[in-house]
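*Asks:* The structure under discussion is supplied below as structure tokens; questions concerning it will follow.
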Amino acid sequence: MSITSDSADPEAPAGPRQIPVLAVAALGFIAVSVTLLLLGRLAIDHQVAIGRQEFEPGIGWFGQWVRWDGNWYYRIAHNGYSFTAGEQRAVAFWPSYPMSIRGLTLLTHDEYDAGLIITWLSGF
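This note's numbering puts the first residue of the sequence shown at 1, with every later residue one more than the last.
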């Protein structure tokens, strides 16, 4: 005696559609990136409006992320380490990030873009 299942309706809905985990992660990454980009832009615009000297009017959307330590990493990636007594020094920064920037610059031709790409990829 064999048991068959004729009761299954081939036209019945299969239940909720599952979204692949990678798609959810990618959408989350994009949502966080866009949110941070917009919040950063609002903060920069506010700083420019109150006259803060660290920010110049008209910097690009991604230029907002290359301030403070970003400039040090740019200098290290572009010129290497240097030491001058009595001045601020780049030697305090660990070399792996600037070396990665220098390597990726061979593809991007821009240290700032390379730094942003490495930073975003490190977020995964």
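Cβ coordinates follow ideal geometry from the N, Cα and C atoms, glycine included.
Classify Leu106 as buried or exposed, calling it buried when 16 or more other Cβ atoms lie within 10 Å of its own Cβ.
*Replies:* Sequence index remark: in the sequence shown, residue 106 carries index 106 (1-based). So Leu106 ends up on the exposed side.
*Asks:* When the Cβ atoms of the stretch 81-96 are set against those of the stretch 109-117, are three or more pairs found closer than 8 Å?
*Replies:* no
*Asks:* Within this structure, are the beta carbons of Ser100 and Ile118 separated by less than 7 Å?
*Replies:* As a working mapping, residue 100 is identified with position 100 in the sequence shown. As a working mapping, residue 118 is identified with position 118 in the sequence shown. Cβ distance < 7 Å, so Ser100 and Ile118 count as in contact.
*Asks:* With a threshold of 6 Å (Cβ to nearest heavy atom), would Trp68 be considered close to the ligand FAD?
*Replies:* Among the components modelled here there is no ligand, and therefore nothing to report on the ligand FAD.
*Asks:* What is the DSSP secondary structure of Gly51, counted as helix, strand or coil?
*Replies:* On the sequence shown, position 51 is the one that residue 51 refers to. If DSSP states are grouped into helix, strand and coil, Gly51 belongs with coil.
*Asks:* Thinking C-beta only, is Tyr73 closer than 7 Å to Tyr97?
*Replies:* Here residue 97 refers to the residue found at position 97 when the sequence shown is read from its first residue. Here residue 73 refers to the residue found at position 73 when the sequence shown is read from its first residue. Contact flag set, yes.
*Asks:* Please classify Leu39: is it buried, with 16 or more other beta-carbons within 10 angstroms of its beta-carbon, or exposed?
*Replies:* The sequence position of residue 39 within the sequence shown is 39, counting from 1. Exposed, because fewer than 16 other Cβ atoms sit within 10 Å of the Cβ of Leu39.
*Asks:* Could you give the residue range of the alpha helix (DSSP H) that holds His78?
*Replies:* Position 78 of the sequence shown holds residue 78. Run containing His78: 69-79, per the alpha helix (DSSP H) assignment.
*Asks:* Can you check whether the C-beta of Gly86 is within less than 7 Å of a C-beta belonging to chain B?
*Replies:* Structure shown: chain B not included; a single protein chain is present.
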